[in-house]
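Participant:
Numbering (full-length UniProt numbering), first residue to last: 1 to 302.
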(Lines of atoms letter the chains of each structure in order from A and count residues from 1; the text may use other names and numbers.)
(Lines give C-alpha, C1' and ligand atoms only; values in the text may rest on other atoms or scores of the structure.)
Protein backbone atom coordinates (compact mmCIF):
# COMPACT_ATOMS: atom_id res chain seq x y z
CA UNK A 1 0.00 0.00 0.00
CA UNK A 2 1.25 3.46 -0.90
CA UNK A 3 1.99 6.03 1.78
CA UNK A 4 -0.36 8.96 1.22
CA UNK A 5 0.17 12.52 2.35
CA UNK A 6 -3.16 14.22 3.06
CA UNK A 7 -3.39 17.98 3.60
CA UNK A 8 -6.78 19.52 4.42
CA UNK A 9 -8.78 17.71 7.08
CA UNK A 10 -11.91 19.87 7.05
CA UNK A 11 -15.57 18.88 6.80
CA UNK A 12 -15.00 16.73 3.72
CA UNK A 13 -11.27 16.08 3.82
CA UNK A 14 -11.45 14.35 7.20
CA UNK A 15 -14.00 11.84 5.92
CA UNK A 16 -11.97 11.24 2.77
CA UNK A 17 -8.85 10.60 4.84
CA UNK A 18 -10.74 8.17 7.07
CA UNK A 19 -11.85 6.20 4.02
CA UNK A 20 -8.26 5.94 2.80
CA UNK A 21 -7.24 4.67 6.24
CA UNK A 22 -10.07 2.12 6.15
CA UNK A 23 -8.71 1.02 2.78
CA UNK A 24 -5.41 0.10 4.40
CA UNK A 25 -3.26 3.09 3.47
CA UNK A 26 -0.74 4.73 5.77
CA UNK A 27 -1.39 8.48 5.94
CA UNK A 28 0.96 11.34 6.73
CA UNK A 29 -0.67 14.63 7.78
CA UNK A 30 0.44 18.19 8.50
CA UNK A 31 0.49 18.98 12.21
CA UNK A 32 0.39 22.75 11.55
CA UNK A 33 -3.35 22.42 10.95
CA UNK A 34 -6.06 20.85 13.15
CA UNK A 35 -6.09 17.05 13.02
CA UNK A 36 -9.17 15.21 14.39
CA UNK A 37 -8.23 12.95 17.30
CA UNK A 38 -9.29 9.73 15.58
CA UNK A 39 -7.18 10.55 12.52
CA UNK A 40 -4.22 11.65 14.62
CA UNK A 41 -4.26 8.26 16.34
CA UNK A 42 -4.00 6.42 13.01
CA UNK A 43 -1.57 8.60 11.04
CA UNK A 44 1.93 10.03 11.12
CA UNK A 45 1.78 13.71 12.05
CA UNK A 46 4.70 15.78 10.74
CA UNK A 47 5.80 19.39 11.03
CA UNK A 48 4.73 20.92 7.73
CA UNK A 49 3.72 20.30 4.13
CA UNK A 50 7.33 19.83 3.02
CA UNK A 51 7.68 16.99 5.51
CA UNK A 52 4.39 15.50 4.29
CA UNK A 53 5.74 15.37 0.73
CA UNK A 54 9.08 13.94 1.83
CA UNK A 55 7.38 11.08 3.68
CA UNK A 56 4.78 10.26 0.99
CA UNK A 57 4.61 8.70 -2.45
CA UNK A 58 1.37 10.50 -3.30
CA UNK A 59 0.24 13.83 -1.82
CA UNK A 60 -3.47 14.77 -1.75
CA UNK A 61 -4.62 18.32 -1.01
CA UNK A 62 -8.19 19.25 -0.08
CA UNK A 63 -8.36 22.93 0.88
CA UNK A 64 -10.91 25.71 0.30
CA UNK A 65 -9.66 27.95 -2.52
CA UNK A 66 -7.02 28.69 -5.16
CA UNK A 67 -4.74 30.77 -2.87
CA UNK A 68 -4.86 28.00 -0.27
CA UNK A 69 -3.66 25.44 -2.82
CA UNK A 70 -0.91 27.81 -3.97
CA UNK A 71 0.24 28.24 -0.38
CA UNK A 72 0.16 24.53 0.45
CA UNK A 73 2.11 23.67 -2.68
CA UNK A 74 4.59 26.51 -3.08
CA UNK A 75 5.15 28.25 0.26
CA UNK A 76 8.59 28.03 1.87
CA UNK A 77 7.36 25.00 3.83
CA UNK A 78 5.16 23.74 1.00
CA UNK A 79 4.74 20.44 -0.77
CA UNK A 80 6.99 21.35 -3.71
CA UNK A 81 10.05 21.66 -1.47
CA UNK A 82 9.60 18.05 -0.34
CA UNK A 83 8.95 16.40 -3.69
CA UNK A 84 11.37 14.11 -5.47
CA UNK A 85 11.16 12.79 -9.01
CA UNK A 86 8.31 10.36 -9.70
CA UNK A 87 5.94 11.43 -6.94
CA UNK A 88 2.31 12.32 -7.64
CA UNK A 89 0.37 15.37 -6.42
CA UNK A 90 -3.44 15.20 -6.46
CA UNK A 91 -5.41 18.35 -5.73
CA UNK A 92 -9.01 17.50 -4.80
CA UNK A 93 -9.94 21.09 -3.94
CA UNK A 94 -12.32 23.10 -6.12
CA UNK A 95 -10.27 25.92 -7.62
CA UNK A 96 -9.67 27.96 -10.79
CA UNK A 97 -8.95 25.90 -13.94
CA UNK A 98 -6.33 28.31 -15.34
CA UNK A 99 -4.35 28.45 -12.11
CA UNK A 100 -4.61 24.66 -11.92
CA UNK A 101 -2.80 24.42 -15.25
CA UNK A 102 -0.02 26.66 -13.92
CA UNK A 103 0.30 24.60 -10.74
CA UNK A 104 0.58 21.45 -12.84
CA UNK A 105 3.39 22.94 -14.94
CA UNK A 106 5.37 23.84 -11.81
CA UNK A 107 4.95 20.36 -10.34
CA UNK A 108 5.80 18.75 -13.70
CA UNK A 109 9.03 20.78 -13.77
CA UNK A 110 10.07 18.95 -10.60
CA UNK A 111 9.69 15.59 -12.35
CA UNK A 112 6.32 14.82 -10.76
CA UNK A 113 2.83 14.38 -12.18
CA UNK A 114 -0.21 16.38 -11.14
CA UNK A 115 -3.91 15.57 -11.16
CA UNK A 116 -6.75 17.97 -10.47
CA UNK A 117 -9.56 15.87 -9.02
CA UNK A 118 -12.32 18.02 -7.50
CA UNK A 119 -15.29 16.26 -5.98
CA UNK A 120 -19.06 16.59 -5.68
CA UNK A 121 -21.34 15.01 -3.13
CA UNK A 122 -20.86 17.10 -0.02
CA UNK A 123 -20.24 15.88 3.49
CA UNK A 124 -22.59 12.91 3.03
CA UNK A 125 -20.74 11.75 -0.08
CA UNK A 126 -17.38 12.19 1.62
CA UNK A 127 -18.49 10.22 4.67
CA UNK A 128 -20.14 7.41 2.71
CA UNK A 129 -17.41 7.26 0.03
CA UNK A 130 -19.90 8.01 -2.74
CA UNK A 131 -18.29 11.17 -4.12
CA UNK A 132 -18.27 12.03 -7.79
CA UNK A 133 -14.63 12.66 -8.74
CA UNK A 134 -13.78 14.67 -11.87
CA UNK A 135 -10.15 14.30 -12.92
CA UNK A 136 -7.81 16.26 -15.16
CA UNK A 137 -4.29 15.08 -16.00
CA UNK A 138 -2.25 12.28 -17.57
CA UNK A 139 -4.02 8.96 -18.03
CA UNK A 140 -1.11 6.99 -16.55
CA UNK A 141 -1.34 9.01 -13.33
CA UNK A 142 -5.12 8.64 -13.31
CA UNK A 143 -4.70 4.85 -13.41
CA UNK A 144 -2.24 5.02 -10.50
CA UNK A 145 -4.64 7.16 -8.47
CA UNK A 146 -7.84 5.36 -9.42
CA UNK A 147 -7.68 2.77 -6.58
CA UNK A 148 -7.48 5.70 -4.13
CA UNK A 149 -10.38 7.47 -5.79
CA UNK A 150 -12.41 4.25 -5.54
CA UNK A 151 -11.98 4.33 -1.75
CA UNK A 152 -13.45 7.84 -1.65
CA UNK A 153 -16.05 7.86 -4.43
CA UNK A 154 -18.23 5.97 -6.86
CA UNK A 155 -18.52 8.00 -10.08
CA UNK A 156 -14.92 8.58 -11.20
CA UNK A 157 -14.15 10.13 -14.59
CA UNK A 158 -11.02 11.27 -16.40
CA UNK A 159 -12.24 14.40 -18.20
CA UNK A 160 -9.07 15.47 -20.01
CA UNK A 161 -5.79 17.30 -19.44
CA UNK A 162 -4.90 19.32 -16.34
CA UNK A 163 -7.62 21.88 -15.63
CA UNK A 164 -10.38 19.79 -17.21
CA UNK A 165 -11.37 18.32 -13.86
CA UNK A 166 -11.76 21.81 -12.40
CA UNK A 167 -13.73 22.96 -15.44
CA UNK A 168 -16.11 20.03 -14.96
CA UNK A 169 -16.50 20.92 -11.28
CA UNK A 170 -17.37 24.54 -12.11
CA UNK A 171 -20.03 23.25 -14.52
CA UNK A 172 -21.31 20.98 -11.73
CA UNK A 173 -21.59 23.91 -9.34
CA UNK A 174 -23.61 25.91 -11.88
CA UNK A 175 -26.08 23.04 -12.18
CA UNK A 176 -26.29 22.52 -8.41
CA UNK A 177 -26.86 26.21 -7.70
CA UNK A 178 -29.61 26.55 -10.29
CA UNK A 179 -31.29 23.38 -9.04
CA UNK A 180 -31.22 24.69 -5.48
CA UNK A 181 -32.75 27.95 -6.70
CA UNK A 182 -35.47 26.07 -8.62
CA UNK A 183 -36.36 23.88 -5.63
CA UNK A 184 -36.42 26.91 -3.33
CA UNK A 185 -38.74 28.84 -5.64
CA UNK A 186 -41.07 25.86 -6.07
CA UNK A 187 -41.36 25.16 -2.34
CA UNK A 188 -41.85 28.84 -1.56
CA UNK A 189 -44.62 29.02 -4.17
CA UNK A 190 -46.27 25.87 -2.79
CA UNK A 191 -46.12 27.03 0.81
CA UNK A 192 -47.43 30.52 0.05
CA UNK A 193 -50.30 28.94 -1.92
CA UNK A 194 -51.34 27.05 1.22
CA UNK A 195 -49.94 23.59 0.44
CA UNK A 196 -47.75 21.65 2.85
CA UNK A 197 -44.27 22.09 1.31
CA UNK A 198 -42.95 18.79 2.66
CA UNK A 199 -45.88 16.87 1.18
CA UNK A 200 -45.35 18.71 -2.10
CA UNK A 201 -41.65 17.78 -2.01
CA UNK A 202 -42.44 14.11 -1.42
CA UNK A 203 -45.04 14.07 -4.19
CA UNK A 204 -42.63 15.63 -6.67
CA UNK A 205 -40.02 12.99 -5.84
CA UNK A 206 -42.18 10.53 -7.79
CA UNK A 207 -42.29 12.59 -10.97
CA UNK A 208 -40.10 14.18 -13.62
CA UNK A 209 -39.05 16.96 -11.22
CA UNK A 210 -37.34 14.42 -8.97
CA UNK A 211 -33.68 15.12 -8.25
CA UNK A 212 -31.05 14.63 -5.60
CA UNK A 213 -31.33 18.35 -4.83
CA UNK A 214 -35.10 18.06 -4.29
CA UNK A 215 -34.55 15.00 -2.10
CA UNK A 216 -31.76 16.30 0.14
CA UNK A 217 -31.77 20.09 -0.09
CA UNK A 218 -35.53 20.35 -0.37
CA UNK A 219 -35.85 18.46 2.89
CA UNK A 220 -33.33 20.81 4.51
CA UNK A 221 -35.52 23.72 3.41
CA UNK A 222 -38.70 22.25 4.88
CA UNK A 223 -37.01 21.03 8.07
CA UNK A 224 -34.85 24.16 8.43
CA UNK A 225 -31.59 22.22 8.82
CA UNK A 226 -29.07 24.70 7.46
CA UNK A 227 -25.96 23.68 9.37
CA UNK A 228 -23.29 23.28 6.72
CA UNK A 229 -22.62 20.28 4.60
CA UNK A 230 -21.37 22.73 1.96
CA UNK A 231 -21.09 26.36 3.01
CA UNK A 232 -22.62 29.22 1.04
CA UNK A 233 -19.28 31.05 1.00
CA UNK A 234 -17.69 28.10 -0.80
CA UNK A 235 -20.46 27.94 -3.39
CA UNK A 236 -20.04 31.68 -3.91
CA UNK A 237 -16.36 31.05 -4.61
CA UNK A 238 -17.24 28.40 -7.20
CA UNK A 239 -19.80 30.61 -8.95
CA UNK A 240 -17.24 33.42 -9.04
CA UNK A 241 -14.98 31.04 -10.98
CA UNK A 242 -17.84 30.41 -13.41
CA UNK A 243 -18.73 34.07 -13.84
CA UNK A 244 -15.10 35.21 -14.16
CA UNK A 245 -14.48 32.54 -16.78
CA UNK A 246 -17.67 33.48 -18.62
CA UNK A 247 -16.63 37.13 -18.79
CA UNK A 248 -13.24 36.18 -20.23
CA UNK A 249 -14.90 33.97 -22.87
CA UNK A 250 -17.73 36.39 -23.67
CA UNK A 251 -20.43 34.02 -22.42
CA UNK A 252 -23.78 34.98 -20.89
CA UNK A 253 -24.68 33.05 -17.72
CA UNK A 254 -27.66 35.08 -16.44
CA UNK A 255 -29.13 32.47 -14.10
CA UNK A 256 -25.73 31.69 -12.58
CA UNK A 257 -25.46 35.40 -11.84
CA UNK A 258 -28.91 35.47 -10.23
CA UNK A 259 -28.08 32.48 -8.03
CA UNK A 260 -24.91 34.25 -6.94
CA UNK A 261 -26.96 37.31 -5.99
CA UNK A 262 -29.24 35.14 -3.84
CA UNK A 263 -26.22 33.65 -2.08
CA UNK A 264 -25.01 37.22 -1.52
CA UNK A 265 -28.32 38.10 0.16
CA UNK A 266 -27.77 35.18 2.54
CA UNK A 267 -24.18 36.24 3.20
CA UNK A 268 -25.30 39.80 3.94
CA UNK A 269 -27.73 38.40 6.53
CA UNK A 270 -25.07 36.46 8.42
CA UNK A 271 -25.28 33.29 6.36
CA UNK A 272 -21.83 32.80 4.85
CA UNK A 273 -21.46 29.59 6.87
CA UNK A 274 -25.00 28.28 6.29
CA UNK A 275 -25.47 25.25 4.09
CA UNK A 276 -26.05 26.26 0.47
CA UNK A 277 -29.61 24.91 0.69
CA UNK A 278 -30.26 28.06 2.76
CA UNK A 279 -30.42 29.98 -0.52
CA UNK A 280 -34.17 29.68 0.14
CA UNK A 281 -33.68 32.19 2.97
CA UNK A 282 -32.85 34.89 0.42
CA UNK A 283 -36.15 34.30 -1.38
CA UNK A 284 -37.97 34.26 1.96
CA UNK A 285 -36.45 37.60 2.92
CA UNK A 286 -37.43 39.10 -0.44
CA UNK A 287 -40.96 37.66 -0.18
CA UNK A 288 -41.51 38.28 3.54
CA UNK A 289 -42.71 34.68 3.80
CA UNK A 290 -41.08 31.52 5.12
CA UNK A 291 -41.41 28.04 3.61
CA UNK A 292 -41.70 26.35 7.00
CA UNK A 293 -41.58 27.06 10.73
CA UNK A 294 -38.85 28.85 12.61
CA UNK A 295 -35.36 27.64 11.70
CA UNK A 296 -33.07 25.86 14.07
CA UNK A 297 -29.98 27.68 15.36
CA UNK A 298 -27.78 28.18 12.30
CA UNK A 299 -24.03 28.15 12.19
CA UNK A 300 -22.52 31.57 12.72
CA UNK A 301 -20.94 33.22 9.72
CA UNK A 302 -17.23 32.53 9.37
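We put the CB at the ideal spot given by N, CA and C, even for glycine.
Using alpha carbons as the reference points, say which of 249, 182 and 276 lies closest to residue 210.
Facilitator: Closest by alpha carbon: 182.
Participant: Sorted by chain position, which residues of the same chain lie with C-beta nearer than 6 Å to residue 247's C-beta, five sequence neighbours on each side aside?
Facilitator: none
Participant: Using 8 Å as the cut-off, can you tell me whether the region 105 to 117 makes contact with the region 134 to 154, which would need three or more C-beta pairs spanning the two stretches below that distance?
Facilitator: yes
Participant: Look at residue 61 and residue 72 and say whether their C-beta atoms are less than 8 Å apart.
Facilitator: Closer than 8 Å, so yes.
Participant: Ignoring anything shorter than 3 residues, give me the beta strand (DSSP E) runs that lie fully in the region 118 to 186, in order along the chain.
Facilitator: Counting whole runs of 3 or more residues, the region 118 to 186 contains the beta strand (DSSP E) stretches 131 to 136 and 153 to 160.
Participant: Is it buried or exposed for residue 208, if we count other Cβ within 10 angstroms and need 16 for buried?
Facilitator: exposed
Participant: Put residue 213 into one of helix, strand or coil per three-state DSSP.
Facilitator: helix
Participant: In the DSSP output, which residue or residues are listed as bridge partners for residue 116?
Facilitator: 91 and 136
Participant: Please report the straight-line C-alpha distance between residue 28 and residue 125, rounded to a whole angstrom.
Facilitator: Each residue's CA atom was taken as its position, placing residue 28 and residue 125 some 23 Å apart.
Participant: Between the C-alpha atoms of residue 264 and residue 2, what's the straight-line distance to the nearest angstrom?
Facilitator: 43 Å
Participant: Give me, in chain order, the residues of the same chain whose beta-carbon lies closer than 6 Å to that of residue 312; leave out the 5 immediate sequence neighbours on both sides.
Facilitator: With the chain covering 1 to 302 only, the question about residue 312 has no answer from this structure.
Participant: Quick check: what's the CA-CA separation for residue 270 versus residue 215?
Facilitator: 26 Å
Participant: Enumerate in chain order the residues of its own chain whose CB-to-CB distance from residue 173 is below 6 Å, with the five nearest sequence positions on each side excluded.
Facilitator: Cβ neighbours of residue 173 beyond the five flanking positions: 238.
Participant: Is the beta carbon of residue 132 less than 8 Å from the beta carbon of residue 153?
Facilitator: Taking 8 Å as the cut-off, the beta carbon of residue 132 is found closer than this to the beta carbon of residue 153.
Participant: Around the Cβ of residue 255, are there at least 16 other Cβ atoms within 10 angstroms (buried) or fewer (exposed)?
Facilitator: Under this definition residue 255 is an exposed residue.
Participant: So, using beta-carbon positions, are residue 128 and residue 11 closer together than 8 Å?
Facilitator: no
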